[in-house]
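In my numbering, the protein residues as written are 326 to 698.
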């Protein structure tokens, strides 16, 4: 049997020793699409390292493709990947295992790991919608992926604090709760609030054909983009893959850092505290975020920190006001930037995750909803 150090060993000062953590997530080093360099996974790595923990990464989807023919994921490559991950964990002997959308790793593999490493703690995080009405990028498919590992993980944290949706995970048996989308000063480096005349007046990014909830009604992203273009024909608008080329990785972040305002639209905007991580990207870089009040973020931010709206008319009014009042836009964006970093910085989010793994968690230590008791 493999020997494993206990994660709660104390040093001479009575403090917990640093954890050795394997973080298994999609670090997207083969497909090179999206904006994974600003993902929760990378920010969590940074936060945990800054707290003194060791983080060893395992990009499960990349590994599965690497084991496949011509870089394609197959049933056989997934099986080989699970065997490799099992041996990887036995060699590293981690105190804790963090899983982020690690859907190629099976619950059976995790049980085998737990059988060998008796003291290991496992936490899974998820950033996609858990609203059943969502048909792509979340919804029932995502719910089922989360449920598949519930019997073998110790904690599940999701970027949704909506109790009625979290009830889908049988809270009487499972430890499930909220995790915010963090910001990180080493990733969100711009301070757009210091620029009176950024290159773009408004930024909005989403797949053109994806549905977005606009004040309770569904529209495709390209319909939203076309509407805003008609409303603001004189303004400089950046709508990737709609009025300009698609933007990935650093190109996406570079465009965001040149944008005065960012429209934050998720598939559903009425699930408590759910948002895509674009809100963190925007506010972390000092852009003014336009956010639907129905998200519930008004419980944590004021109208002096975010441009909240409850109707399409109010959204248009806010955009017009801040276009013609750059000083007010700069002030509000700076306030929001400061507040977001106070509430949801990467080190605080990492401390929350580490406290769960170390079994030192106290909900009073965090200014946001945590594990549902």
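Idealized CB from N, CA, C, for every residue including glycine.
Which same chain residues end up closer than 7 Å to residue i when comparing Cβ atoms and leaving out the 5 residues on each side of it in sequence?
i: residue 327; result: Low confidence applies to residue 327: its pLDDT is 48, below 50, so where it sits in the model is not reliable, and the reading given next is rough at best. Answer for residue 327: 415, 418, 441 and 442, listed in chain order.
i: residue 339; result: For residue 339, the pLDDT reaches just 48, beneath the cut-off of 50, and the residue's location in the model is therefore unreliable, leaving the point undetermined.
i: residue 274; result: Outside the displayed range of the chain (326 to 698) lies residue 274, so it cannot be described from this structure.
i: residue 465; result: 457
i: residue 637; result: 539 and 540
i: residue 436; result: 477
i: residue 641; result: 556
Classify residue i as helix, strand or coil using the three-state DSSP reduction.
i: residue 327; result: For residue 327, the predicted model reports a pLDDT of 48, less than 50, meaning its position is unreliable and no value from the coordinates is stated.
i: residue 696; result: strand
i: residue 591; result: coil
i: residue 539; result: strand
i: residue 686; result: coil
i: residue 462; result: coil
i: residue 452; result: coil
i: residue 577; result: helix
i: residue 609; result: helix
i: residue 440; result: helix
i: residue 545; result: strand
i: residue 338; result: Confidence at residue 338 is low in this model, with a pLDDT of 47, below 50, so its placement is unreliable and the value that follows should be read with caution. Note: residue 338 maps to coil in three-state DSSP.
i: residue 586; result: strand
Residues in its own chain within less than 8 Å of residue i by CB, not counting five upstream and five downstream?
i: residue 635; result: 540, 617, 618 and 619
i: residue 547; result: 533, 534 and 567
i: residue 669; result: 505, 506, 507, 508, 605 and 693
For residue i, which residues of its own chain have a beta-carbon under 6 Å away from its beta-carbon, when the five flanking residues on both sides are left out?
i: residue 598; result: 486 and 621
i: residue 690; result: none
i: residue 502; result: 482, 695, 696 and 697
Write down the C-beta distance between residue i and residue j rounded to the nearest angstrom, noting that I regard them as a contact closer than 8 Å.
i: residue 454; j: residue 593; result: 6 Å
i: residue 494; j: residue 472; result: 7 Å
i: residue 390; j: residue 355; result: 5 Å
i: residue 671; j: residue 371; result: 5 Å
Inset, instruction - Assess, as a yes-or-no matter, whether the stretch 396 to 404 is touched by the stretch 474 to 493 under the definition of 3 or more beta carbon pairs within less than 8 Å. - result: no
Legend entry - the stretch 548 to 567 / the stretch 524 to 536 touching (three or more Cβ pairs under 8 Å): yes
Inset, instruction - Give, in chain order, every unbroken run of the alpha helix (DSSP H) that is at least 4 residues long and sits entirely within the stretch 464 to 491. - result: 464 to 474 and 488 to 491
Inset, instruction - Taking only runs that begin and end inside the stretch 618 to 667, name each unbroken alpha helix (DSSP H) of 4 or more residues, in chain order. - result: 637 to 649
Inset, instruction - List in chain order: all unbroken alpha helix (DSSP H) runs of 4+ residues lying wholly within the stretch 346 to 432. - result: 365 to 375, 385 to 392 and 400 to 417
Inset, instruction - Assess, as a yes-or-no matter, whether the stretch 569 to 580 is touched by the stretch 422 to 433 under the definition of 3 or more beta carbon pairs within less than 8 Å. - result: no
Legend entry - Stretch pair the stretch 677 to 685 + the stretch 658 to 665: three plus CB contacts closer than 8 Å: no
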